[in-house]
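Each residue of the sequence shown is one higher than the one before, starting from 1 at the first, in UniProt numbering.
I have placed the structure first, in the form of structure tokens, so that the comments after it can refer back to it.
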Amino acid sequence: MRPSDHKAKATVPFILSILDVREAELRAQGLEARELAAIYNDYTSRLSELEDLAILVSSALRRHKDVHAVRYRVKEPLHLLKKILRKKQEYPDRHLTSANYLEFINDLAGLRILHLYKSACHDIGNYIQQAWELKREPYAYVQDENNIEARQFYADKYRVLVNGRGYKAQHYILKVKPARQLYFVEVQVKTLLEESWSEIDHCVRYPDRTPNELLHRLLGLLNRFTSTADEVATQIQALSDALQRYNQGPAAGPQVTVAQLRSHIDRLPVDEQEKQYLYTCLAKLTGG
């Protein structure tokens with residue numbers, strides 16, 4: 001929601017109305033409605049520049065061969081104010097004003113990179129870190145900080161965080177300065193399947209944040225299914241590449257053996273009966 005006239009400045013009554021709060025309540029939290037109005041007005045004047053910035057970064061990210069899709073959004077002014085209210089509870093000694101809020105809000109422009117295979121996240125992460133300076137070290141959200149994936153992120157100097165809900169992604173805060181003003185842009189990197197789960201999780205949880213054991217359990221099941229599907233997709237990619245090299249023979253480089261082809265089936269998270277069927281299919285392809 002914005003003032004009906006796009007050129008009109010937001011007033012204190014307007015800010016109180018869209019936040020559905022009284023001025024005394026804001027003051028009790030250490031916030032001033034007048035300052036929130038100033039932030040709102042400054043931010044709305046920057047929306048066009050932020051839109052152009054998001055498009056620019058999106059275009060650069062699409063150049064990477066493993067990027068399947070890029071989505072972007074510019075934060076709505078009301079959502080910015082609500083975030084400032086939440087951050088005040090989290091950091092009561094931090095005083096955001098129209099002069100400094102850009103230094104503290106990292107996702108005024110936000111982008112999501114979607115890729116097909118889990119292994120691509122490392123190359124994409126390297127590309128991002130070579131193309132932009134980061135505000136802080138990249139974050140990797142994982143389910144298990146002791147698995148192979150997490151150890152790779154530790155080795156690459158990520159801050160590894162375990163998310164209790166099962167959220168998985170890598171987050172980067174880019175420093176972007178299209179003109180005189182420095183902005184921070186958040187980039188999230190996920191597989192298509194991780195994004196699908198995140199969207200469903202968001203839709204189910206956000207209308208009603210009260211604990212619900214049934215839905216929580218079902219979302220956990222869905223998360224495990226999508227994680228398994230990501231593992232299968234990884235082995236499909238690896239097996240497809242290996243089969244191509246096997247069929248091309250020595251001209252394609254080091255010879256791929258049947259044992260190496262079988263190893264990709266070995267790694268699949270499927271039952272033994274399914275694996276035996278896949279071994280039979282492989283034998284028909286290789287004449288074994």
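Here a beta-carbon is modelled for each residue, glycine too, at the ideal position from N, C-alpha and C.
Ordered along the chain, which non-local residues of its own chain (more than five positions away) have a Cβ less than 7 angstroms from that of Arg-262? Tyr-279, Leu-282
Presumed contact (8 angstroms Cβ cut-off) between Ser-228 and Trp-197, rounded CB distance: Strictly speaking, residue 228 in this sequence is Thr, with Ser absent from that position. Incorrect: roughly 12 angstroms between the Cβ atoms, too far for contact.
Contact check, Leu-111 vs Tyr-72, beta carbons under 8 angstroms: yes
Could you check whether Gln-143 and Lys-177 sit closer than 8 angstroms to each other, using their CB atoms as the reference points? no
To which residues does DSSP link Gln-170 through a beta bridge? Ala-140, Val-189
Report the rounded CA-to-CA distance for Ala-155 versus Ile-148, giving the unit in angstroms. 11 angstroms
Using the C-alpha atoms, what's the distance from Tyr-183 back to Asn-100? 12 angstroms
Who are the near neighbours of Gln-286 in its chain, counting only those whose CB is closer than 6 angstroms to its CB and skipping five residues on each side? Residue identity check: residue 286 is Thr in the sequence provided, not Gln. Excluding positions up to five away in sequence, the list reads Val-258.
Please state the DSSP three-state secondary structure of Leu-114. strand
Any 3 or more C-beta pairs closer than 8 angstroms across the region 41 to 50 and the region 13 to 29: no
According to DSSP, simplified to helix, strand and coil, what is Lys-175? strand
Please look up how many angstroms separate the CB atoms of Glu-35 and Ser-98, rounded, as I've assumed it's under 8 angstroms. 7 angstroms
If I'm right that Val-187 touches Leu-53 with Cβ under 8 angstroms, what's the distance once you round it to whole angstroms? That pair is no contact at about 12 angstroms.
Could you check how far apart the C-beta atoms of Leu-85 and Leu-31 are, in whole angstroms? I think they sit under 8 angstroms. 7 angstroms
So the beta strand (DSSP E) Ala-69 belongs to, where does it begin and stop? 69 to 74
Quick one: what's Val-160 bridged to in DSSP? Ala-140
Straight-line CA distance for Asp-230 to His-64? 20 angstroms
Just how far apart, CA to CA, sit Leu-215 and Val-204? 8 angstroms
Quick one: which unbroken alpha helix (DSSP H) runs of 4-plus residues sit fully inside the region 218 to 266? Chain order, please. 258 to 266
Whole angstroms are fine: how far does the CA of Asn-126 sit from the CA of Leu-81? 33 angstroms
Opposite Ala-109 in the DSSP bridges: which residues? Val-74, Val-185
For Leu-134: DSSP bridge partner residues: Leu-174
Which of the three DSSP states, helix, strand or coil, is assigned to Asp-93? coil
On a CA-only basis, which of Glu-90, Ala-109, His-95 is nearest Ile-173? Give me that one, please. Ala-109
Going by beta carbon distance, what residues of the same chain come within less than 6 angstroms of Ile-128, once the five residues before and after it are set aside? Tyr-172
Can you tell me whether Asn-247 is buried or exposed, with buried defined as 16 or more other CB within 10 angstroms of its CB? exposed
Distance between beta carbons of Leu-96 and Val-74, contact taken as under 8 angstroms: Rounded, the Cβ-Cβ distance is 19 angstroms, inconsistent with contact.
Would you give the residue range spanned by the alpha helix (DSSP H) that Lys-284 belongs to? 272 to 286
Output needed for Pro-269: all residues of its chain with C-beta closer than 8 angstroms, excluding positions within five of it in sequence on either side, in chain order. Thr-228, Glu-231, Val-232
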